[in-house]
Amino acid sequence: MAIITEEPDSPKPQLRKSKPKPKSKPTSPPSEPASTSTPTKSVPDTANPFHFWFYFTLVVSLITLFFVLLSSLSPQDPKTWFLNLPPILRQHYSNGRTIKVQTAPNHPQVEVFSIQQGPTNSDSRVLIVHGIGCSSFAFHYVVKFLGRKNVLAVAVDLPGSGFSDKSITVVEENVGENSFLGKLREVYEEIKEKGLFWGFDQLVEQGYVNFEENKVRVSKKESIKAIELGSEEMGRVLGQVVDSMGLAPVDLVLHDSALGLSANWISENRQLIRSVVVLDGAPSGTALPLSVFQIPVVRDVVLRFRFLFERVLAMCCMTSVGGPEAEGHRILLKGRDGGSSVGGMGKKLNYSFDLSEWSSLEGVKGLPLHVIWSGGWSDKWTTEGRRIANALPQATLVSHSGGRWIQEDNAEEVAESIYKFISSLPKPTRQTVEEPIPEHLQKMFSEGIGSDDHHHHHHHDGHGHGHGGYMDAYGMGHGWAM
Numbered sequence: 008m009a010i011i012t013e014e015p016d017s018p019k020p021q022l023r024k025s026k027p028k029p030k031s032k033p034t035s036p037p038s039e040p041a042s043t044s045t046p047t048k049s050v051p052d053t054a055n056p057f058h059f060w061f062y063f064t065l066v067v068s069l070i071t072l073f074f075v076l077l078s079s080l081s082p083q084d085p086k087t088w089f090l091n092l093p094p095i096l097r098q099h100y101s102n103g104r105t106i107k108v109q110t111a112p113n114h115p116q117v118e119v120f121s122i123q124q125g126p127t128n129s130d131s132r133v134l135i136v137h138g139i140g141c142s143s144f145a146f147h148y149v150v151k152f153l154g155r156k157n158v159l160a161v162a163v164d165l166p167g168s169g170f171s172d173k174s175i176t177v178v179e180e181n182v183g184e185n186s187f188l189g190k191l192r193e194v195y196e197e198i199k200e201k202g203l204f205w206g207f208d209q210l211v212e213q214g215y216v217n218f219e220e221n222k223v224r225v226s227k228k229e230s231i232k233a234i235e236l237g238s239e240e241m242g243r244v245l246g247q248v249v250d251s252m253g254l255a256p257v258d259l260v261l262h263d264s265a266l267g268l269s270a271n272w273i274s275e276n277r278q279l280i281r282s283v284v285v286l287d288g289a290p291s292g293t294a295l296p297l298s299v300f301q302i303p304v305v306r307d308v309v310l311r312f313r314f315l316f317e318r319v320l321a322m323c324c325m326t327s328v329g330g331p332e333a334e335g336h337r338i339l340l341k342g343r344d345g346g347s348s349v350g351g352m353g354k355k356l357n358y359s360f361d362l363s364e365w366s367s368l369e370g371v372k373g374l375p376l377h378v379i380w381s382g383g384w385s386d387k388w389t390t391e392g393r394r395i396a397n398a399l400p401q402a403t404l405v406s407h408s409g410g411r412w413i414q415e416d417n418a419e420e421v422a423e424s425i426y427k428f429i430s431s432l433p434k435p436t437r438q439t440v441e442e443p444i445p446e447h448l449q450k451m452f453s454e455g456i457g458s459d460d461h462h463h464h465h466h467h468d469g470h471g472h473g474h475g476g477y478m479d480a481y482g483m484g485h486g487w488a489m
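FYI, in the numbering used here the residues of the sequence shown are 8 to 489.
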């Protein structure tokens, strides 16, 4: 019995040991940080839509801006470009005319724009040739002032500049290629020439296309290229301009890079030249920075934005850029992809040109030379002018107050310097080219002389009547009954 009464007391220690289990519940608080961590994870989840739409809108805006900028940089068609010209450029264009020249023997003719002032029978005939990136627009006031002094003054836009043609259509001939793509292209041209059904007929009848592999195929392709003048092309243009406008012997005014580009032609055509005026012309450099125009993206951006182009001109070319002159230069360079021609011409400059060696050539010795230089641009540029004048022993040096590109405020000063120099030269002896007498008129003239001799021997009182028949042959009298 005593054993039975002691058994109920045994589970009590187990109950006491089980009591710590509720105390272990405080270990659940680590679950609370887990619950608190879930709200922190939900914060970026709620912000993600906002971030997505923000970046999406930003990307779409940048893409739209890129395409708008790209479309604005694309060149306008010539008609639209011309209709949007400012009044100062329209007035300049209305005062000029175009002539046809050929830059290379196998190239078509291009139009060259020119302006002219003064009497055509003047003893002094001046041809102004601008440098790379410039145009006759910079010299329209100089031409006007020289014309008022009875000087025949002409300024031209070189091909690739101003209102002259800036591109040319070139036909390229390609001989059949040996590459796989070339063979495919030839097969395509063969089927295109003979028709698609010809190819099917060949496949049905023979099981293959009877393609003539050994036949030499020459394909012609037309491409539009920017006009890029080197010294050889410049010589061709100058010779044709002087000949077509009857300017020989001409007083050449060479601005900027025109000196280096024209040097060979001058030394080879001394009989066509009376004098040479160097106007801020470095032998192998340009005022306009060519590196800007030789990189297409940089060139398009500079020509697109007016303030950027004005900054370039202010640093390198002109003393004042706030007026319509700077804007006119920008429009002429931007229109019809004129910037590409500038970059291409810069690559053809002869940077090893030696001015001292050139001045000692037989075709240059004794040629009157005059240097007009900007005296207020910079000390370095003034020193360069003295060096140029010293390299030309027979040259005289005067300075002007403007920049490296001529502007309205110093155009009269430059024109006066040119006029004083050419007025000090002896008057040129111009050869008059007599028109050949047509054969039938020559025969009539000979018959008239013969009848006059016969009349003179038999009727001495009729002397002189036959001699008037020559003038009447051109319709200036009634001596000939026809």
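Don't be surprised by glycine CBs; every beta carbon is placed ideally from N, CA and C.
Cutoff 6 Å; reference S251; Cβ partners in own chain excluding five residues on either side: I106
Bounding residues of the alpha helix (DSSP H) (the contiguous stretch that carries T390): D386 to A398
S68, DSSP secondary structure in three states: helix
7 Å Cβ shell around I95 - same chain, five flanking residues per side excluded: P331 and G335
Residue closest to K427, alpha-carbon to alpha-carbon, out of V284, P435, Q98 and D164: V284
Own chain, CB closer than 7 Å to V405, minus 5 neighbours either side, in chain order: I379 and S424
Reference N157; option with closest CA among T127, C141 and I135: T127
Environment of T64 [buried if 16+ CB atoms lie within 10 Å]: exposed
Neighbourhood of G290 by C-beta distance below 7 Å, restricted to the same chain and skipping five residues each side: The residue asked about is misnamed: residue 290 is Pro in this sequence, not Gly. Contacts found: L266, G267, F360 and L362.
Any 3 or more C-beta pairs closer than 8 Å across the segment 241–257 and the segment 149–167: yes
Counterpart residues of V285 in DSSP-defined beta bridges: L261 and V378
CA-to-CA distance, S347 to I302, given in whole angstroms: 9 Å
A294 in three-state terms, based on DSSP: coil
Between the CA atoms of S129 and L153 - distance to the nearest angstrom: 11 Å
Same chain, Cβ closer than 7 Å to P435, five either side skipped, listed in chain order: D130, P256 and R281
Distance CB(V178)-CB(H262) smaller than 8 Å: no
Contact under 8 Å by Cβ, L339 with G169: yes
Status (buried if at least 16 other CB within 10 Å, exposed otherwise) for D84: exposed
Close-in-space but distant-in-sequence residues of the same chain around R104 (CB under 7 Å, 5 per side omitted): S121
Three-state class that DSSP yields for E200 in the structure shown: helix
Coarse secondary structure for Q213, derived from DSSP in three states: helix
The segment 270–278 contacting the segment 363–374, beta-carbon criterion three pairs below 8 Å: yes
Neighbourhood of A402 by C-beta distance below 6 Å, restricted to the same chain and skipping five residues each side: L376, V378 and A396
Beta carbon of G410 nearer than 8 Å to that of C324: yes
For L362, three-class secondary structure by DSSP: helix
Local conformation of K434 per DSSP, three classes: coil
Environment of M322 [buried if 16+ CB atoms lie within 10 Å]: exposed
Closest Cα partner of V149 within the set S430, P433 and A418: A418
Backbone secondary structure at S238 - three-state DSSP: helix
DSSP three-state assignment for R313, whether helix, strand or coil: helix
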